[in-house]
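Here the structure is laid out as structure tokens; the discussion comes afterwards.
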Ligand SMILES: C[S@@+](CC[C@H](N)C(=O)[O-])C[C@H]1O[C@@H](n2cnc3c(N)ncnc32)[C@H](O)[C@@H]1O
């Protein structure tokens, strides 16, 4: 944070964060190799300042900050990735080993305390300030006035929807405690076109809507669970309505993109799901009754797949 204001020496960094000078020197040198900081010589000393990317994505106060995502990665993701070998051998997530929690539903383990749930919601929130507009405008969604964001979490994508499409209203549907936290900490009174409904999308009745958004939902679940959920949506959806799936699409032959390949491994260590190709999503949507299925790549991490319920 401080290096954003003026270049600092490793010694100044060590004083600011209460670290050893030797440790700070090695850390700053490695950060320079990673192109997170620029180096300058001042009065014969090496000074460090944030690169443009570090300022945009790593400082806490930046509107495109990934600070919370990094925090979540170090506190949760890395603990699960520690058991990657077991995850690969067993073909299942490693919550039990990483956190000592047995649960049928991994979201119960993920939301093991309000604090952990809050951190997860911050993680979900962070990325949409960077690429939310791209996924929401990948298709023209202006014909859809009543939108339901299933598993809408912190409401970041719902906000992108209401700002891109001035005539739509969005209902965020999520588990009860997530909705309560979202109301309290993420969605303000000013977001008048956003409302909430508490429930379990596998069990409870879904709100009627023209468009259902499933953003980073299907990648959490097995094919069977995805079809189960998509069938429930197809039933609730108005004729002529649609479902928008937002996910990191794998190439047809699985050859990339690297981010989606790594996310798929992350889904193995943490969830029941996987990342998929556009054809695999199209097959899931078709199995649930959706047709005229198209996909659009955004060129960023997340892409969009749209399928219609026939009139
Ligand atoms: C991976 S997060 C995605 C959040 C958000 N859609 C996004 O892209 O930022 C999955 C979301 O699904 C919600 N969820 C999980 N199981 C659910 C269920 N059975 N019923 C309703 N929501 C559920 C979680 O609480 C969480 O908000």
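Numbering (our numbering), first residue to last: 18 to 328. We put the CB at the ideal spot given by N, CA and C, even for glycine.
At least three beta-carbon pairs within less than 8 Å, the segment 269-282 to the segment 211-230 = As far as the Cβ criterion goes, the segment 269-282 does not touch the segment 211-230, which means the pair count is below three.
Same chain, Cβ closer than 7 Å to residue 114, neighbours up to 5 away in sequence not counted = Only 100 and 103 meet the Cβ criterion.
Report buried or exposed for residue 177, applying the criterion of at least 16 other Cβ atoms within 10 angstroms of its Cβ.
-> Answer is buried; the Cβ neighbour count reaches 16.
Have a look at 206, 156, 128 and 129 and flag the residue whose alpha-carbon is nearest the alpha-carbon of residue 314.
-> Nearest of 206, 156, 128 and 129 to residue 314, Cα basis: 156.
Count the C-beta pairs between the segment 192-199 and the segment 255-270 that are closer than 8 Å, then say yes if the count reaches three, no if not.
-> With a cut-off of 8 Å, the segment 255-270 and the segment 192-199 do not count as touching, because too few Cβ pairs lie within range.
Proximal residues to residue 80 (C-beta, below 8 Å), its chain only, five neighbours per side dropped = Cβ neighbours of residue 80 beyond the five flanking positions: 146.
Beta carbon of residue 208: closer than 6 Å to some heavy atom of ligand 1?
-> Relative to ligand 1, residue 208 has its C-beta separated by 6 Å or more from all heavy atoms.
May I ask which residues mark the beginning and end of the beta strand (DSSP E) holding residue 280?
-> Per DSSP, residue 280 is not a residue of any beta strand (DSSP E); the alpha helix (DSSP H) it occupies stretches across 275-287.
Heavy atom of ligand 1 less than 6 Å from the Cβ of residue 89, yes or no?
-> Flag unset: Cβ of residue 89 not near ligand 1.
Go to residue 310, then tell me how far its beta strand (DSSP E) extends in each direction, as first and last residue.
-> From DSSP, the beta strand (DSSP E) with residue 310 extends over 308-313.
Sub-7 Å separation of residue 401 and residue 76 beta-carbons | Here the chain covers residues 18 to 328 and nothing more, so residue 401 does not appear.
By the 10 Å Cβ neighbour count, where 16 or more other Cβ atoms means buried, how is residue 201 classified, buried or exposed?
-> By the 16-neighbour rule on beta-carbons within 10 angstroms, residue 201 is exposed.
For residue 18, three-class secondary structure by DSSP = Any reading at residue 18 needs caution, since the residue's pLDDT is 46, under 50, leaving its predicted position unreliable; the model's value is listed next. Three-state result, residue 18: coil.
For residue 150, which residues of its own chain have a beta-carbon under 6 Å away from its beta-carbon, when the five flanking residues on both sides are left out?
-> Excluding residues within five positions, the ones whose Cβ falls inside 6 Å are 177.
Output yes or no for whether 7 Å exceeds the beta carbon distance between residue 153 and residue 187.
-> It is not a contact, given that the beta carbons lie outside the stated cut-off.
Integer Cβ distance of residue 262 from residue 250, believed to fall under 8 Å | About 10 Å separates the CB atoms of residue 262 and residue 250; that is not less than 8 Å, and the two are not in contact.
For residue 321, does the three-state DSSP call read helix, strand or coil?
-> Under the three-state reduction of DSSP output, residue 321 falls in the strand class.
Please classify residue 241: does DSSP put it in a helix, a strand, or coil?
-> Residue 241: helix per DSSP, three-state reduction.
Beta-bridge partners of residue 230, as assigned by DSSP = When beta bridges are read from the DSSP output, residue 230 appears opposite 166 and 261.
Anticipated Cβ contact below 8 Å, residue 110 with residue 264, distance rounded = Not confirmed; about 18 Å, so no contact.
Sub-7 Å separation of residue 118 and residue 129 beta-carbons = The answer is yes: Cβ separation under 7 Å.
Starting from residue 202, trace the alpha helix (DSSP H) both ways and give me its first and last residue.
-> Its alpha helix (DSSP H) spans residues 193-202.
Classify residue 292 as buried or exposed, calling it buried when 16 or more other Cβ atoms lie within 10 Å of its own Cβ.
-> Taking every protein chain shown into account, the CB of residue 292 has 16 or more other CB atoms within 10 angstroms, so this residue is buried.
For residue 161, which three-state DSSP category applies?
-> Looking at residue 161 - three-state DSSP - the assignment turns out to be coil, as it is neither helix nor strand.
Environment of residue 217 [buried if 16+ CB atoms lie within 10 Å] | The residue is exposed, with fewer than 16 neighbouring Cβ atoms inside 10 Å.
Classify residue 118 as helix, strand or coil using the three-state DSSP reduction.
-> It is coil, neither helix nor strand.
Return the first residue and the last residue of the beta strand (DSSP E) that residue 213 is part of.
-> Run containing residue 213: 211-215, per the beta strand (DSSP E) assignment.
Buried or exposed: which applies to residue 326, given that a residue is buried once 16 or more other Cβ atoms fall within 10 Å of its Cβ?
-> Only buried fits residue 326, as 16 or more other CB atoms lie within 10 angstroms of its CB.
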